[in-house]
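Data first, discussion second: the structure below is written as structure tokens.
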Amino acid sequence: MVRSVLFLILVCINTCSYALGSLGANQTFTHEDCIKFYEQLALKHPEAKLTIGGTSDIGRPIHTFVISNTQCFDPSGIKSNQLVWLINNGIHPGESCGIDATALWAEKLLNNKKLLEKLNDVIIVIVPIYNVDGALNRNNTSRVNQNGPEAYGFRANARNLDLNRDFVKSDSKNAFTFAHIFHQWKPHVFIDTHISNGADYQYTMTLIATHHAPLNSSLHESWKVLNTEIFKAMEKNNFEMVPYVDLVGQTPEEGILGFVDEPRYSTGYAALFNCIGFMTETHMLKPYANQVKATEVFLQQFLKIVVDNKSLLVTNRNKADVEVSKQQRFILNWELDTTRADTIAFKGYTAIWKPSEISKLPRLYYDRSKPTNVKVPFYNYFLPTDSIEKPTAYIVPQAWHQVIDRLKANNINLTYLTSDTIINVEAYFAIEYTTAQKAVEGHYPLSNLKLGMRKQPIKFFKGDAFVRCGTPSDKFLVNVLEPSAPDSYFKWNFFDAVLQQKEYFSDYVFEELAIEILAKDPKLQLELNSFIEKNNLQRDHQSYLDFIYSHSIYAEPGYNRIPVFRVVND
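Residue numbering for the sequence shown is 1 to 570, as defined by the numbering used here.
Put into structure tokens, the structure is as follows:
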């Protein structure tokens, strides 16, 4: 029996080494082979364990692979001085270099016992392939601009959702699984691996760092160390990087844009919980083997930086958690400061406009025989456009269970009213808004909001959710529950039912009552006159009646009232 077990282990070890080595320079793991590889790696190394974090939209497991030299595979056993690093791969399975690079790096790391001994205070959690559905939808045509691999997965999941736009709205089971993994392990740093589209240039990898401006001030030092050191390390190891190339115009010479990653994105979501995130973006036109190597080197070097700065990262994260709990005012929206820019060196290729053979019109072409090394503006300064004072608590009526489910998934501590009661609250009303004309990830998001607020007594019911503020999750709460936040649940249409009036009046009946209402309220008559004149509605009889009705006691109290209520003094 013992000999049989030993033989099985030896077979698994040999298969483990063979599985990755059998990949050609222009090939990527299938989902099945990737999970088998990690299974075999876990069998070989007691410092690693493969677990299931949850499921995808087609019911397939989403795995996590944990590396811990102290064999800390239960998140509840994490010590206060330990740092957790979460790595997410295959959110867009066609951008597959991170899937292969992370597997290669993990194998080398586990075989390096001297290095493992230095990691007693560092736990690494790897999601081998996050978008399982997309990985199973394997093809060789959907990444038409990409130089390899021979076959790969599809960008969207089985519900045709881009999972890197789904972290806050959480339409997918994947997002609920990710939230479970994230809040179980509470990572200090986070990496999400990608391949970019866009302009042509000399770099194999560019990098998106979660923007420092919205981060808690105690994290700025940590962000600066990580950001500065990884750029230095990659250059030293022959993979010089620049910030992700998002163009101001049509070519890099016109400038590169930074951006504040909103909570729909993985790094923006992580930042809501004081976790510093980075997205690696290898270049689509570079040989696939080079992309894999660049990502592997990035992981190697990032680990060194994390180990060297572990105490700083843990201490600053703890400070940030305390400060967010006490923070009263939160910035919700930012806009690019177009008056300021840094100047960075950029190694590109000469951009040429030449006649298209198809249309005969000018088309862009990058001449690789003419490399360039120029200075370009990097617009990476942002100004806050609004902020909000957090309340003592929010109340979300239980009827809006989709919202409550998302709060619970994000580890928000909810209590529930034990009896029907009337509470004085601040209530938001949607005065004006614009609905998207085309679907955006399964929704028609709202924008251009104009909100009103009224203090009023509201009747709540036993079982309604009471969400108390004053925790490290406050930044998440204000970003999903304050309607004007960029990725609020209101903007993502979770409360659209309140935007439709359910009760109406008959003109010929209401006419006589409207006269009585105006007679009893001379101030309302003045407001009506002002409204009609301002909007040039003198010949629109219906507008007169609508205005009087909407300002009377007969108006539908829940119409346009957003069912997230602020308790400012409970």
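Just so you know, even glycine gets a beta-carbon here, dropped at the ideal spot from N, CA and C.
Length of the line joining the Cα atoms of residue i and residue j
{"i": "K90", "j": "L336", "result": "Correcting the residue type first, residue 90 is Gly in the shown sequence and not Lys. Cα-Cα distance, rounded: 30 Å."}
{"i": "L41", "j": "Q327", "result": "44 Å"}
{"i": "L364", "j": "F346", "result": "19 Å"}
{"i": "T51", "j": "Q398", "result": "33 Å"}
{"i": "E254", "j": "E323", "result": "39 Å"}
{"i": "P214", "j": "E512", "result": "55 Å"}
{"i": "V467", "j": "F490", "result": "17 Å"}
{"i": "A519", "j": "I458", "result": "29 Å"}
{"i": "Q500", "j": "S550", "result": "14 Å"}
{"i": "K599", "j": "A179", "result": "Residue 599 lies beyond the stretch modelled for the chain, which goes from 1 to 570, so this question has no answer here."}
{"i": "V403", "j": "D420", "result": "21 Å"}
{"i": "G53", "j": "C72", "result": "16 Å"}
{"i": "A555", "j": "L451", "result": "18 Å"}
{"i": "Q250", "j": "N318", "result": "43 Å"}
{"i": "F7", "j": "L43", "result": "Only weak support exists for where F7 lies, its pLDDT of 33 falling under 50; the value from the coordinates is given anyway. Looking at the two C-alpha atoms, the distance is approximately 13 Å."}
{"i": "N333", "j": "N413", "result": "26 Å"}
{"i": "H92", "j": "C34", "result": "15 Å"}
{"i": "D546", "j": "T418", "result": "39 Å"}
{"i": "C16", "j": "A103", "result": "Caution applies to C16, whose pLDDT of 39 falls short of 50 and renders its modelled position unreliable; the model cannot decide the point."}
{"i": "I517", "j": "I548", "result": "8 Å"}
{"i": "L247", "j": "F278", "result": "19 Å"}
{"i": "F461", "j": "E432", "result": "29 Å"}
{"i": "D261", "j": "K360", "result": "39 Å"}
{"i": "S356", "j": "N197", "result": "21 Å"}
Residue i, buried or exposed, once every other Cβ within 10 Å from all chains shown has been counted against 16
{"i": "G98", "result": "buried"}
{"i": "L272", "result": "buried"}
{"i": "H45", "result": "buried"}
{"i": "D474", "result": "buried"}
{"i": "H401", "result": "exposed"}
{"i": "Q291", "result": "buried"}
{"i": "P445", "result": "buried"}
{"i": "G470", "result": "exposed"}
{"i": "Q456", "result": "exposed"}
{"i": "A19", "result": "With a pLDDT of 49 at A19, under the threshold of 50, the modelled position of this residue cannot be trusted, and the question is left open."}
{"i": "G258", "result": "buried"}
{"i": "H541", "result": "exposed"}
{"i": "Q301", "result": "buried"}
{"i": "V374", "result": "exposed"}
{"i": "D342", "result": "exposed"}
Beta carbon of residue i nearer than 8 Å to that of residue j
{"i": "I562", "j": "A409", "result": "no"}
{"i": "S56", "j": "D133", "result": "yes"}
{"i": "R143", "j": "Y152", "result": "yes"}
{"i": "P362", "j": "G148", "result": "no"}
{"i": "N69", "j": "L119", "result": "yes"}
{"i": "D100", "j": "T28", "result": "yes"}
{"i": "T338", "j": "I276", "result": "no"}
{"i": "F378", "j": "T267", "result": "no"}
{"i": "R454", "j": "I388", "result": "no"}
{"i": "H188", "j": "V84", "result": "yes"}
{"i": "L86", "j": "F182", "result": "yes"}
{"i": "M205", "j": "T282", "result": "yes"}
{"i": "V480", "j": "V168", "result": "yes"}
{"i": "I58", "j": "A106", "result": "no"}
{"i": "N380", "j": "H443", "result": "no"}
Helix, strand or coil at residue i according to DSSP, with G and I counted as helix
{"i": "W185", "result": "helix"}
{"i": "T418", "result": "coil"}
{"i": "I548", "result": "helix"}
{"i": "K319", "result": "helix"}
{"i": "P243", "result": "strand"}
{"i": "Q250", "result": "coil"}
{"i": "H194", "result": "strand"}
{"i": "A103", "result": "helix"}
{"i": "T267", "result": "helix"}
{"i": "W400", "result": "coil"}
{"i": "Y288", "result": "helix"}
{"i": "A487", "result": "Sequence check: residue 487 is Asp here, not Ala. Reduced to three states, the DSSP call for D487 is coil."}
{"i": "H63", "result": "strand"}
{"i": "E512", "result": "helix"}
{"i": "S325", "result": "helix"}
{"i": "I532", "result": "helix"}
Rounded Cβ spacing between residue i and residue j (contact assumed at less than 8 Å)
{"i": "P263", "j": "A199", "result": "In fact, because the Cβ distance is near 27 Å, the residues do not count as touching under 8 Å."}
{"i": "G348", "j": "Q202", "result": "6 Å"}
{"i": "L571", "j": "Y244", "result": "In this structure the chain extends from 1 to 570, so residue 571 is not present and cannot be described."}
{"i": "N316", "j": "E221", "result": "6 Å"}
{"i": "I195", "j": "E296", "result": "Not a contact, Cβ separation roughly 14 Å."}
{"i": "A175", "j": "H31", "result": "Not a contact, Cβ separation roughly 19 Å."}
Heavy atom of the ligand MN within 7 Å of residue i beta-carbon
{"i": "T415", "result": "The ligand MN is absent from the structure shown, which contains no ligand whatsoever."}
Cutoff 8 Å: residue i Cβ touching any chain D Cβ
{"i": "K475", "result": "Among the protein chains of the structure shown there is no chain D, as only one such chain exists."}
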